[in-house]
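Enquirer:
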Amino acid sequence: MSLKVYNSYTRKKEVFTSITPGHVGMYVCGPTVSGESHLGHARPYITFDFIFRYLTHKGYKVRYVRNITDAGHFEEEGKEAEDKVGKKAILEKLEPMELVQKYTNLFHWAMLQFNCVEPSIEPTATGHIVEQLNMIEKIIAEGYAYEVNGSVYFDLKKYAATHDYGKLSGRVMDDLLETTRELDGQQEKRDKADFALWKSAAPEHIMRWKSPWGEGFPGWHIECSAMATKYLGAEFDIHGGGMDLQFPHHESEIAQSTICNLHSPAKYWIHNNMITINGKKMGKSYNNVIKLTEMFSGNHPLLTQAFAPMTIRFFILQSHYRSPVDFSSEALLASEKALKRLWEAYEVLKKLNPGTEEPATDAALETKVLQWINEFDEFMDDDFSTAKILANMFELTPVINGIKDGHIAANAIAGSTLILLQKQFKIYLEDVFGLTYVTAADDETLHGVMQLLIDIRKESKAKKDYATSDKIRNQLTTLGIELKDEKDGAMSWNM
RNA sequence: GGUCCUGUGGCCGAGUGGCUAGGCAAAGCUCUGCAAAAGCUUCUACAGCAGUUCGAAUCUGCUCGGGACCUCCA
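Residue numbers for the first sequence follow this note's numbering, beginning at 1 and rising by one.
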């Protein structure tokens with residue numbers, strides 16, 4: 001079964017074949033660490049995490065490069081946005097790199113909460129100034145960039161005359177030239193659509209580097225091109241990021257790399273859709289940002305409660321990565337409950353005993369179960385349809401629970417099928433989807449104490465001393481421990 | 001204004017022209033000292049109008065609504 005991915009560049013689902021057999025190079029645009037990560041950031045990093053995990057599962061050796069933009073995004077914008085890192089540092093009386101470190105640490109912490117696998121290489125923009133300068137010089141030498149007053153701009157008109165600029169984002173060059181914008185440095189550019197490769201630094205800028213054109217800082221797009229080229233080569237397999245980066249960021253990366261490396265950088269462009277809140281994209285300009293720390297603590301007016309990182313991860317997995325997903329407390333609460341139900345079924349499944357190798361006594365059920373299991377791979381191969389796999393898992397949940405409490409005969413499905421079911425649940429829930437479920441089940445002391453309480457409760461129940469048995473259960477509930485009476489008089493618990 | 005995407009039941013969301021996911025919520029039942037959990041059952045939707053077709057949520061056109069990008073942005 002071959003993997004198909006939707007390539008934003010061709011706007012088609014294509015069969016995935018890696019450039020180097022057995023290996024995959026994947027570059028994903030990382031965060032700008034000039035502020036705290038918010039819910040919106042969770043989407044791409046969780047999305048590319050399960051893509052990374054799935055490629056690994058399929059046997060590829062993946063080099064996953066995700067940068068840290070720690071130089072601030074120096075756009076040719078107005079002064080406000082000009083040097084985010086430098087500006088905020090003054091206000092907070094911090095060294096720029098101290099600020100960068102703080103938010104980098106916070107980002108890493110959040111990724112850990114989400115159980116995201118660390119990228120193979122996490123290069124920083126400030127650590128690759130030389131590579132960026134080299135690239136800019138090469139673009140100038142090729143005649144596709146020009147220097148004005150210490151700044152260097154990419155000559156888009158010249159590039160577009162012979163190259164397909166705008167293909168990725170579906171933009172027409174003429175429209176871009178028409179667009180009227182009031183941008184800083186506009187007057188020194190040959191054309192309004194030209195983008196900056198290097199910006200001359202005003203005296204107040206803290207972060208600045210020497211260059212052949214004077215002191216300044218790199219443009220927004222060149223860092224990704226430089227780092228991707230360095231670690232993945234002129235052409236690599238996957239370039240990922242949020243949809244909002246298609247233009248101008250990725251479009252510009254294509255132009256830069258095409259001139260420098262004589263090749264469009266990525267074979268497959270994969271873009272995740274946005275998380276919206278009340279139908280609007282989460283962003284600073286909309287004033288609707290929920291930071292991840294606020295999500296985890298519930299400390300935000302839009303949140304009715306705290307939401308665990310795994311709830312958010314599950315919430316994202318429940319929709320297709322190319323669909324927008326609208327956030328609400330209600331939707332997240334639904335995900336929380338769904339995940340709990342699914343995970344408890346998984347715990348039950350792990351304990352089911354396949355027994356001896358017997359043929360299934362319920363052929364119809366056997367067929368359905370096998371179909372649901374086999375579709376896991378099929379769905380994931382079809383452009384990472386995680387939502388459909390989860391739907392199948394929920395179809396299987398009543399079967400698992402049914403076998404457990406005897407509602408469905410243990411031999412209704414074949415032993416081999418049960419083993420396959422266990423294997424596939426493990427692979428997808430844990431290895432590919434990267435879900436975990438925090439329980440105290442590993443704590444042996446707590447286990448012992450719980451067993452004691454359960455024994456006491458059983459004894460009091462046997463004596464019809466319900467006051468005592470209810471007290472035990474109620475007190476545990478207050479502590480966040482849920483005690484369930486099983487059919488056969490046994491008791492189970494979870495936190 | 002330009003380019004593109006989108007509109008699915010109370011809510012969230014899959015949906016490759018025919019078999020019309022799944023989750024949450026709600027209701028009933030079973031189990032149960034009670035509860036919780038679990039199981040069974042019920043709730044059948046595709047913005048509107050027209051068209052193509054034997055047949056459309058799925059294709060086409062128009063209308064209305066929402067969104068993204070065009071500016072830092074995941």
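For glycine and all other residues, C-beta sits at the position ideal for the given N, C-alpha and C.
Can the beta-carbon of Q475 be found less than 8 Å from the beta-carbon of L390?
Expert: Cβ atoms of Q475 and L390: not closer than 8 Å.
Enquirer: Could you pull the DSSP bridge partners for K25 from this structure?
Expert: Looking at the sequence provided, one finds Gly at residue 25 rather than Lys. Answer is R63.
Enquirer: What's the C-alpha gap between I472 and I277?
Expert: In a straight line, the C-alpha of I472 is about 42 Å away from that of I277.
Enquirer: Using the C-alpha atoms, what's the distance from M26 back to F314?
Expert: Using only the alpha carbons, I get a separation of about 23 Å.
Enquirer: Within the continuous alpha helix (DSSP H) that includes D49, where are the two ends?
Expert: From DSSP, the alpha helix (DSSP H) with D49 extends over 39-57.
Enquirer: On the criterion of 16 or more Cβ atoms from any shown chain inside 10 Å, does E253 qualify as buried, or is it exposed?
Expert: When all chains shown are included, E253 counts as buried.
Enquirer: Count the CB pairs spanning the region 400-414 and the region 372-382 that are closer than 8 Å, and state whether there are at least three.
Expert: Touching, no, given that fewer than three Cβ pairs across the two stretches are closer than 8 Å.
Enquirer: Considering H271, what are the terminal residues of the alpha helix (DSSP H) in which it resides?
Expert: Looking at the DSSP string, H271 is not in any alpha helix (DSSP H); the run it does join, the beta strand (DSSP E), is 266-272.
Enquirer: How many Å lie between P212 and N7 at the Cα?
Expert: Their Cα atoms are separated by approximately 38 Å.
Enquirer: Scan the region 196-226 and note each continuous beta strand (DSSP E) run of 3 residues or more that stays entirely inside, going in chain order.
Expert: Listed in chain order, the complete beta strand (DSSP E) runs (minimum 3 residues) inside the region 196-226 are 196-200, 216-218.
Enquirer: Less than 8 Å between the C-beta atoms of H221 and H249, yes or no?
Expert: Yes; because the gap between Cβ atoms is below 8 Å, this pair is in contact.
Enquirer: Output the distance between the C-alpha atoms of Y346 and I419, rounded to the nearest integer angstrom.
Expert: Distance between the alpha carbons of Y346 and I419: 13 Å.
Enquirer: Is DSSP giving S492 helix, strand or coil here?
Expert: Strand, per DSSP.
Enquirer: Can you name, in chain order, every residue of its own chain whose Cβ lies under 7 Å from the Cβ of G279, other than the five neighbours on each side?
Expert: Excluding sequence neighbours, G279 sits near D326.
Enquirer: Just the C-alpha distance for A334 and F48, rounded to the nearest angstrom, thanks.
Expert: Looking at the two C-alpha atoms, the distance is approximately 24 Å.
Enquirer: Give the secondary structure of T20 by DSSP, where H, G and I count as helix, E and B as strand, and everything else as coil.
Expert: DSSP places T20 in coil when its eight states are reduced to three.
Enquirer: Give the straight-line distance between the Cα atoms of T124 and E251, rounded to the nearest whole angstrom.
Expert: Each residue's alpha carbon lies about 21 Å from the other.
Enquirer: Based on DSSP bridge pairs, tell me the residues matched to A145.
Expert: DSSP output for A145 lists F154 as bridge partner(s).
Enquirer: How is the alpha helix (DSSP H) around G448 delimited, first residue to last?
Expert: That run of the alpha helix (DSSP H) goes 444-462.
Enquirer: Could you tell me the boundaries of the beta strand (DSSP E) in which N7 lies?
Expert: Unbroken beta strand (DSSP E) run through N7: 4-7.
Enquirer: Short of 7 Å in beta carbon distance, which residues of its chain neighbour Y437, apart from the five on each side in sequence? Order them along the chain.
Expert: Hits under 7 Å: M310, W343.
Enquirer: Going along the chain, which residues of its own chain have a beta-carbon closer than 7 Å to the beta-carbon of T361, five neighbours each way excluded?
Expert: Correct list, in chain order: A409, N411, A412.
Enquirer: With 16 as the cutoff for other CB atoms within 10 Å, does L302 come out buried or exposed?
Expert: Exposed, because fewer than 16 other Cβ atoms sit within 10 Å of the Cβ of L302.
Enquirer: Compute the beta-carbon to beta-carbon distance between I238 and I270, rounded to the nearest angstrom, for a pair I have assumed lies under 8 Å.
Expert: I238 to I270, Cβ: 6 Å. Contact.
Enquirer: What number of angstroms, rounded off, separates the C-alpha of P265 from the C-alpha of P359?
Expert: Rounded to the nearest angstrom, the two C-alpha atoms are 53 Å apart.
Enquirer: Just the Cα atoms here: how many angstroms apart are F384 and K284?
Expert: Spanning the two alpha carbons is a distance of roughly 30 Å.
Enquirer: Residues bridged to K13 by DSSP?
Expert: K13 pairs with Y6.
Enquirer: Given this structure, state the Cα-to-Cα distance separating E76 from P218, to the nearest angstrom.
Expert: Unreliable positioning characterises E76 in this predicted model, as indicated by a pLDDT of 28, which lies under 50. The coordinate reading is nonetheless provided below. Looking at the two C-alpha atoms, the distance is approximately 11 Å.
Enquirer: Would you identify the three-state DSSP class for G402, choosing helix, strand or coil?
Expert: Correct three-state label for G402: helix.
Enquirer: Pick helix, strand or coil for E77, following the three-state DSSP scheme.
Expert: Its pLDDT being 28, under 50, E77 is placed unreliably in this model, and the coordinates cannot settle the point.
Enquirer: Counting only runs that start and end within the region 382-429, where is the alpha helix (DSSP H) found for 4 or more residues in a row?
Expert: Complete alpha helix (DSSP H) runs here, min 4: 386-404, 415-425.
Enquirer: Have a look at R457 and K388 and give me their C-alpha separation to the nearest angstrom.
Expert: Distance between the alpha carbons of R457 and K388: 42 Å.
Enquirer: To which residues does DSSP link V325 through a beta bridge?
Expert: Partner(s): I275.
Enquirer: So for F236, helix, strand or coil by DSSP?
Expert: In the structure shown, F236 sits in a strand (DSSP, three-state: E or B).
Enquirer: Starting from E251, follow the alpha helix (DSSP H) in both directions and report where the run begins and ends.
Expert: It spans 251-261 - the alpha helix (DSSP H) in which E251 sits, taken as one unbroken run.
Enquirer: Note down, in chain order, each residue of its chain lying with its Cβ closer than 7 Å to the Cβ of G214, except the 5 sequence neighbours on either side.
Expert: G150, S200, listed in sequence order.
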